[in-house]
Amino acid sequence: MPFDVKAHLRMLVEAHGPPGHEDAVREILREAWAPLVDTLEQDRLGSLIAVKRATRPADPPRRIMLAAHMDEIALMVSGVLDGFILVNRVGGMDARVLPAQPVLVHGRRPLPGVVAARPPHLLTPAARTKYLPVDELLIDVGLPAEDVQSLVRVGDLVTLDVPMLELLGTKVAGKAMDDRACVAAVTLCLHELQAMHHGWDVVAVATVQEERGLHGAKTSANAVAPDVAIALDVTFAPQPGVDNDATSELGGGPGIGVGPNFHPKLLERIQETAKRHEIKLPEDVIPGNSGTDAWAIQVALEGVPTALLEVPLRSMHSPVETVDMRDIERTGRLLAHFIAGLDAGF
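Its first residue numbered 30, the sequence shown is counted upward by one per residue in my numbering.
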């Protein structure tokens with residue numbers, strides 16, 4: 030049976046994995062990766078590290094790290110008021126898109142809820158033109174105040190609770206496509222490598238806590254000690270109000286980072302591989318901090334030559350992050366062909 034990338038992506042994005050609590054996502058990946066790799070381990074911070082050993086080992090042995098983060102932006106309970114739950118951000122949650130959204134409160138037991146919205150009839154004309162800040166939003170789980178008080182504690186986490194939607198064509202939308210679309214691309218790469226010979230060990234890492242400071246990338250890069258690394262993350266796709274100079278076309282193939290965070294020789298080799306396999310690979314010029322796992326991996330140990338592949342995405346950091354399945358598939362296949370082409374001298 031061919032690998033069903035869309036079904037795998039659906040499982041990933043519908044799972045809940047706020048920073049520091051990625052357990053559910055990690056278990057999905059543990060099951061998906063186990064038949065495809067030789068070893069699986071979890072580091073002390075929680076990142077999942079899978080090693081597929083070389084089929085024709087290079088001399089000396091070499092290893093490439095693939096890193097995509099599995100955490101998602103979230104909210105944290107800051108208080109309980111008359112049965113309603115007050116929250117603050119964990120990561121770049123956008124207050125504009127939260128009112129009336131379904132959420133899951135991770136209390137003493139999971140509690141489905143909604144972000145309460147004040148009726149427009151009761152708002153002043155001035156209030157109708159403003160968005161409430163996150164710390165003024167309220168979550169309603171439908172329980173009496175005393176039950177909420179006993180089930181929900183300050184510090185509990187809250188995640189968006191929406192299904193993945195299949196749009197027209199080859200596009201899908203949902204929460205946490207940032208960065209689980211890239212995690213799915215890594216899984217596809219491991220599937221593709223089953224039919225290929227490769228001289229380098231492949232270390233696939235699903236990192237934790239990227240949204241709160243690239244923490245999983247920092248620790249796992251030190252543990253893996255790769256010869257080179259490729260981080261995977263999303264990038265902006267064109268839509269009204271988004272600067273087209275900083276975007277990659279949805280369905281136009283993955284983008285690749287260009288700038289001081291990325292090694293030029295690694296960039297050139299990936300571009301050559303993409304050209305050979307007729308995969309478009311638009312450049313994303315990033316003159317400083319890429320804000321991705323690549324930023325942390327590059328300066329691990331004595332320094333790691335690092336590249337960044339990007340899956341285009343609309344409506345970033347919202348409940349309806351939108352990707353094109355073709356971009357995920359092309360990214361996975363590009364990774365596999367690049368890895369298969371590495372020799373000991375690179």
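Note that CB positions come from ideal geometry on N, CA and C, so glycine has one too.
Keep in mind that this is a model prediction, so the values were computed, not measured.
In this model, Leu-371 and Asn-273 are separated by some 34 Å (Cα to Cα). Leu-310 is not bridged by DSSP to any residue. By the Cβ criterion, the region 106-124 is in contact with the region 167-181, since at least three pairs of Cβ atoms, one from each stretch, lie closer than 8 Å. Between Glu-339 and Asp-262, the CB-CB gap stays under 8 Å. Rounded to the nearest angstrom, the Cβ distance from Gly-184 to Met-105 is 6 Å, consistent with a contact under 8 Å. Distance from the CA atom of Asp-100 to the CA atom of Gln-327, rounded to whole angstroms, is 20 Å. In this structure the region 192-211 does not lie against the region 135-144, because fewer than three pairs of beta carbons, one per stretch, are closer than 8 Å.
Of the residues assessed, Ala-254 falls on the exposed side of the cut-off, its CB having fewer than 16 other CB atoms within 10 angstroms.
Setting aside the 5 residues that flank it on each side, His-306 is surrounded in the same chain by Arg-362, Leu-363 and His-366, each with a C-beta closer than 8 Å to its C-beta; the list follows chain order.
Secondary structure at Ile-57: helix, using DSSP grouped into helix, strand and coil. In the three-state reduction of the DSSP assignment, Phe-375 falls in the coil class. Around the Cβ of Asn-318, a 10 Å sphere holds fewer than 16 other Cβ atoms; the residue is exposed. Between Phe-375 and Ala-323, the C-beta spacing is not below 8 Å. Counting along the chain, Lys-304 sits inside the alpha helix (DSSP H) bounded by residues 293-305. A distance below 7 Å between beta-carbons, with the five flanking residues on each side excluded, links Leu-243 to the following residues of its chain, in chain order: Asp-322, Trp-324 and Ala-325. For Val-352, the closest C-alpha among the options Tyr-160, Ile-308 and Leu-279 is that of Leu-279. For Gly-245, same chain residues with a beta-carbon under 6 Å away, outside a window of 5 residues either side, are Leu-74, Ser-76, Thr-236, Val-237 and Gln-238 in chain order. Ser-179 counts as exposed, since fewer than 16 other C-beta atoms from the protein chains shown sit within 10 angstroms of its C-beta. A straight line joining the alpha-carbon of Ala-303 with that of Ala-174 spans about 58 Å.
Counting only residues of its own chain and dropping the five nearest sequence neighbours on each side, Thr-84 has a CB closer than 7 Å to the CB of His-226 and His-227.
Counting the other Cβ atoms within 10 Å of the Cβ of Arg-359 gives 16 or more, which makes it buried. Secondary structure note for Phe-367: its alpha helix (DSSP H) is the uninterrupted segment 354-369. Excluding sequence positions up to five before and after Thr-188, its CB lies within less than 6 Å of the CB of His-45, Pro-47, Ala-103 and Leu-133, all in the same chain and listed in chain order. Taking one beta carbon from each stretch, the region 210-221 and the region 284-301 have fewer than 3 pairs nearer than 8 Å; the two do not touch. The alpha-carbon separation between Gly-320 and Arg-118 amounts to approximately 18 Å. With a beta-carbon spacing of about 27 Å, Ala-260 and Leu-194 fall beyond the 8 Å limit used to define contacts.
Between Thr-248 and Phe-265, the gap from beta carbon to beta carbon reaches 8 Å or more. Residue Thr-216 holds the alpha-carbon nearest to the alpha-carbon of Asp-33 among Thr-216, Ile-285, Pro-316 and His-346. Partner residues in the beta bridge of Ile-78, as assigned by DSSP, are Glu-70 and Val-234.
For Gly-108, the enclosing beta strand (DSSP E) has its first and last residue at 103-110.
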